[in-house]
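For reference, the structure discussed in these notes is given below.
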C-alpha cells in the first residue's frame, strides 16, 4: 500500500485557523468497570460524543536514545495530532510510561514511571483527552494494541534533494526491537510492560507534519488502538502556521503540584523567593491566564543551567571553563545587584565545588534531593525541580543548544519575564559576546479568548 500526500497549503491554513472550542475537543472517555470505578479521559470532564462513534486510542513512543526534554516536545506534536483528530471523532491520547533514559543515572527503579509523577494530568486534559497507559489496559480489557506503525526515514532520502511531504508503507529499513512470539503476536519494549503485545506491525516511511497523520489514521485504519513508534519523525511544520497550537499544548504541560510544592518550599527557604513577592502567581486553569513581558519580577537570585559531562566533547568549542563561567556569573550578579546564584548542572560534585570556589563572596545554592524525594520522583522529577527554580529567578543564563535550557526559557516566557533576562547563554572562553538563543514572543490570541497563542521571532 502506498499513500503519497501532497500538501494543500491553503487547506492546511484553514485547518490550523480553526481552533475548535475545547469544550468540544475535550471529550471524555467514561466506562464503569466491574468494581464500579468510572474512568475518564482527563479525570474530570463528563462531556461525551454520541454513541455512534466509539472512542479510539492513540499511543506513541520515541527513539530510546532521546532525552527527557526532547520527549516533551514530541508530546506536543502528538497531542496536537489528537486535537485535530477530535474535530471529527473521539480519540484519547495514551501517555507512554517513562523509563530507561540516558541521563537518568541514579541507582533506583525508574521503569514504568507514569506521567502523573511529573505532570498535572488535569492540566494536560484541558487541551486533549489523555490517560495513563495502566488505565488504557483497564479500559481496553487487556494489554493489547491493535496496530503499531514504526515510523522511519526514506531509504532513497529526499526526492531530487528536496523535502516534500509524503508517507508510504515500506519494508522495514533498520532492525528494530520487535519480534513475533509463538502465537504470531508482536512483542517489544512497550515501556517495560512484558504482557503487552501488538496484533499488527508495519513500517511507515514518513516526511510529514504531525497533522498529516490525521487523514492516514482516519482513512487507512479502523483499529481502536493505534501506536506510532518513533514519533519524533513527525515534525511540527512551519512555525508561522503551528505556533498557536504549539504554545497552547506547551502551556498545558504544567508540572505536577507535588513537584512545584517541593521547588517552591526550597525557593522560600533558601532563596527568599515566593510567587507573591516575585510576581509569578499563576492561575491553575492556564486557559484563563494572560501574562505579558515584564509582569514577572523573579526572586532575588540569578539562576544558571551549566551543562558539562557529554558537552565537554560534543560541544567543547561552546562550553566555557568553570573559571570563565564564574566570570560571566559574577558579571550578571553585579549588573542586577544580586548576591545569590542557583546552580542547575550535571557536573560532578568536585566541579560544582570548584565553581563555588570561584564565586567567593556570593551565596551559591544547589538543590540536593532527599532519598525519599529521589525515590518518589526519580531523576526526571529532580530535573523538573531544578527547572522550576531556574524559571523563577530574576535572571537566567542557559547552555548552548540545550533542550533543558530551552524548556526553562519557555517556562519563563509563560510566566511573563522580560526577554533580556531570559534568553541568555554562557559564551565560550575568551568571547565577551556570542550568539544568543532565539527569542520566541508569546502573544495571546484574542479571538479565541486566550485558549490559543501565537508567536513572532
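Residue numbers (my numbering): 77 to 533.
Think of the CB as a built atom: it goes at the ideal place given N, C-alpha and C, for glycine as much as any other residue.
{"query": "Buried or exposed by the 16-neighbour rule on C-beta atoms within 10 Å, applied to residue 393", "result": "exposed"}
{"query": "Length of the line joining the Cα atoms of residue 381 and residue 245", "result": "42 angstroms"}
{"query": "Residues of its chain near residue 278, where Cβ-Cβ distance is below 8 angstroms and the 5 sequence neighbours each way are ignored", "result": "223, 224, 225, 226, 245"}
{"query": "In DSSP terms, what residue 469 is bridged to", "result": "375"}
{"query": "Beta-bridge pairing of residue 263 - partner residues as DSSP gives them", "result": "255"}
{"query": "Per DSSP, the bridge partner or partners of residue 228", "result": "281"}
{"query": "Residue 362 versus residue 329 - alpha carbon distance", "result": "10 angstroms"}
{"query": "Contacts around residue 178, its chain only, beta-carbon distance under 7 angstroms, and the 5 residues preceding and following it disregarded", "result": "141, 143"}
{"query": "Option in 157, 148, 167, 267 with minimal Cα separation from residue 132", "result": "167"}
{"query": "Opening and closing residue of the alpha helix (DSSP H) in which residue 198 lies", "result": "197 to 201"}
{"query": "Those runs of the alpha helix (DSSP H) which lie wholly inside the segment 421 to 482 and span at least 4 residues", "result": "425 to 433, 447 to 467"}
{"query": "Through-space distance from residue 334 to residue 151, alpha-carbon basis", "result": "21 angstroms"}
{"query": "Residue closest to residue 408, alpha-carbon to alpha-carbon, out of 194, 469, 270", "result": "469"}
{"query": "Supposed contact pair residue 262 and residue 254 - C-beta distance, whole angstroms, cut 8 angstroms", "result": "5 angstroms"}
{"query": "Nearest-angstrom Cα separation, counted from residue 236 out to residue 331", "result": "44 angstroms"}
{"query": "Exposure label - residue 301; buried when at least 16 CB within 10 Å", "result": "buried"}
{"query": "Euclidean distance between Cα positions of residue 216 and residue 365", "result": "36 angstroms"}
{"query": "CB contact flag (residue 189, residue 173, <8 angstroms)", "result": "yes"}
{"query": "Residue burial classification, residue 149 (beta-carbon count within 10 angstroms, cutoff 16)", "result": "buried"}
{"query": "Contact set for residue 471: own chain, Cβ-Cβ below 6 angstroms, skip 5 residues either direction", "result": "378, 408, 412, 497"}
{"query": "Whole runs of the alpha helix (DSSP H) within the segment 147 to 218, excluding any shorter than 4 residues", "result": "197 to 201, 209 to 216"}
{"query": "Where residue 291 falls, given that 16 or more other Cβ within 10 Å makes a residue buried", "result": "exposed"}
{"query": "Same chain, Cβ closer than 6 angstroms to residue 287, neighbours up to 5 away in sequence not counted", "result": "160"}
{"query": "Helix, strand or coil at residue 369 according to DSSP, with G and I counted as helix", "result": "coil"}
{"query": "Spatial distance of residue 494 from residue 369 (CA atoms)", "result": "5 angstroms"}
{"query": "Every unbroken alpha helix (DSSP H) inside the segment 327 to 358 [4 residues or more]", "result": "333 to 347, 351 to 354"}
{"query": "Spatial distance of residue 285 from residue 443 (CA atoms)", "result": "39 angstroms"}
{"query": "Length of the line joining the Cα atoms of residue 473 and residue 192", "result": "29 angstroms"}
{"query": "Between the CA atoms of residue 212 and residue 420 - distance to the nearest angstrom", "result": "36 angstroms"}
{"query": "Boundaries (first-last residue) of the beta strand (DSSP E) holding residue 134", "result": "132 to 136"}
{"query": "Residue 356 classed as buried or exposed, judged by whether at least 16 other C-beta atoms fall within 10 angstroms", "result": "buried"}
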